[in-house]
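1 is the number of the first residue of the sequence shown in the UniProt record's numbering; add one for each residue after it. All residues carry an ideal CB built from backbone N, CA and C; glycine is no exception. Worksheet: the structure to be examined is printed underneath.
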Amino acid sequence: MADTIFQLRSLPFFSTHHHHYACRHSRSRIMASSSTSPSLKMTHDGCPKNKIPHVLSVAGSDSGAGAGIQADMKACGAAGVYCSTVLTAVTAQNTVGVQGVHLVPEEFVALQLISVLSDMNVDVVKTGILPSIGTIRVLCEKLKEFPVRALVVDPVMVSTSGDLLASPATMSTYLEELLPMTDIVTPNLKEASAMLGDVKELQTLDDMRSAAKAIHSMGSRYVLIKGGHLKDSADAVDLFFDGERFHELHGPYIDSQNTHGTGCTLASYIAAELAKGCSMLQAVQEAKNFIGKVIVHSKYMVIGSGQQGPLDHLFHLKNHSSGMIKKRFNSDNLLLYAVTDSVMNKKWGRSIVDAVKSAIEGGATIIQLREKEAETRYFLEMAIACMEICRSRDIMLLINDRIDIALACDAHGVHIGQFDMPVMKVRNLLGPSKVIGVSCKTPEQAHQAWMDGADYIGCGGVFSTTTKENNRTIGLEGLKTVCSTSKLPVVAIGGINGSNARSVMEINDPNLKGVAVVSALFDRESILEETHHLKSLLLHS
Ligand SMILES: Cc1ncc(COP(=O)(O)OP(=O)(O)O)c(N)n1
Ligand SMILES: Cc1ncsc1CCOP(=O)(O)O
Ligand SMILES: [Mg+2]
């Protein structure tokens, strides 16, 4: 190891000139929106056959394990991909900042590269900090000697505080020699601006578009500019450019201190998805989706005393400070889902609380309070009373539509529709431990719900019903279509009762976990008997 130990904070502020290159390479290993290299044999899900997908991360070590090679390994682990590592630098850092950097000599970077690339069948190389001209050159040379399917470059060049971490000469080498070999480069706004010579601060989507074009013309086949901190935007908008078209990738901006290493994680996750056989656009979308979920999940975690906490990439750490670890939602709870209706129960002279008690006694496995008319104060009182019953019987209570009521009574979760509050916003408000169900009629809606971090899908109306007016029915065929592609458990809803529940369950899709019912339970004289009858039908279908 080199004995170059120095303080990162003492690095000077560099300003570079504007570069403009047109050295596009002509490889076509990763397509924008179709599958992978035609020469590789793929399984049905796009993975090369009999091959463990493998990403090599060429990056720096972060002693605090929030970013760098440690984040890359965790992100690849979360994506189910093997990750080998070539260290370019060793940093002493924690949640407060970077205390020091020790560079790995380029000859030793070369040796590590040869060790891994000559033996381990690497699919994709992802780069993090490349601290010297020598290191960049060694990497370019070894990649020519041992070609891989894709090169993902996270241009770690600007520290959080805005300091440029690369000298102008290093930057030139980066742009002239590495970028033309790059399949995708993933700068944030500051890095994109630095790559273009810092002539302009990027403030708008239009600025991002021009920057993406300019960076593309320097040689990277695809460009992803991360607009997480774009001014005047409530969204986290990232811009993907494939050389012809722009794609805006939207997601809510999640306010959390635990975001250290998100850049490394995003680039590594893209690399991992590419290694599995995804197209470039798919890989970027999956990575964005993962980052959104992991930031929401990690929001309440406390590790270290500084402002820059790490992520819980594997969703597995115990004892988050608030005790809010996301419990895996047990989809068996969806078997007999009782959805209340005050108007119906009033007609039969009983309160919602009594109705809920009877439904649970009869065998309902989960309850939803669906009150379309109730005033807020009354709805909350009802919800608090029902929560007490449900808690004592270990049954989940979800609230329909009203996130405020769910928060106020500490319900187990909510059920929302396509026109209610967006799922990611709800997740942000409720935190990781609450259950979120989403109404979906199509596979596209179901896919989106999964991407946004929902726990289950309510699919319907399957049959016609008078309980919800102007609601298009999708029939058993529509239900089958959603179930067959859904990545989330599904509960069927709409016009389901004792005479058709079997036919619903007989579509026989493993994702279909049960039925949700309003009138067949609550618009009947005996809730207890109806629930009991329906439950035994379901248990024997
Ligand atoms: C389990 C379950 N599935 C679907 C719905 C319908 O929700 P939504 O589409 O938001 O319609 P409303 O119930 O709000 O009228 C549901 N409530 N529960
Ligand atoms: C809330 C809802 N969403 C789709 S259909 C429906 C109503 C289901 O009520 P019922 O079980 O009485 O048909
Ligand atoms: Mg709704």
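Taking the Cα of C264 as reference, the smallest distance to any Cα among A287, Q257, G251 and C278 is reached at A287. As summarised for the segment 406–440, the continuous alpha helix (DSSP H) elements at least 4 residues long and confined to that stretch are 423–430, given in chain order.
In the three-state reduction of the DSSP assignment, N188 falls in the strand class, which pools E and B.
DSSP places F108 outside any beta strand (DSSP E); the residue lies instead in the alpha helix (DSSP H), whose first and last residues are E106 to L117. With three or more CB-CB distances shorter than 8 angstroms, the segment 74–90 counts as touching the segment 264–279.
Note: H247 is bridge-paired with F240 in the DSSP secondary-structure output.
Within the chosen limit of 6 angstroms, ligand 1 does not reach the beta carbon of N345 with any heavy atom.
At least one heavy atom of ligand 2 sits closer than 6 angstroms to the Cβ of S519. The closest CA to that of L476, considering only N470, S484 and E469, is found on S484.
For H415, the distance from the CB to the nearest heavy atom of ligand 1 is below 6 angstroms. Secondary structure at H316: coil, using DSSP grouped into helix, strand and coil. Residue range H54 to D62 is occupied by the beta strand (DSSP E) that includes D62.
Around the CB of L139, 16 or more other CB atoms lie within 10 Å, so the residue is classed as buried. Three or more pairs of CB atoms, one per stretch, sit closer than 8 angstroms, so the segment 179–199 contacts the segment 207–221. Nearest to H216 by alpha-carbon distance, out of R245, V237 and T204, is R245. Around the CB of G128, 16 or more other CB atoms lie within 10 Å, so the residue is classed as buried. Contact check for T365 against L336 passes: the beta carbons are separated by less than 7 angstroms. Judged by DSSP in its simplified three-state form, V504 adopts helix. When beta bridges are read from the DSSP output, Q368 appears opposite V339 and L398. Under DSSP, L175 forms no beta bridge with any residue. Around I405, the same chain offers F379, L380, A383 and I399 as residues with beta carbons nearer than 7 angstroms, after the five sequence neighbours per side are excluded.
The beta carbon of Q93 sits closer than 7 angstroms to the beta carbons of D62, S63, G64 and Q99 from its chain, once the five residues preceding and following it are set aside; these are given in chain order. Judged by the Cβ position, G458 qualifies as a neighbour of ligand 1 at the 6 angstroms threshold, a heavy atom of the ligand being closer than this.
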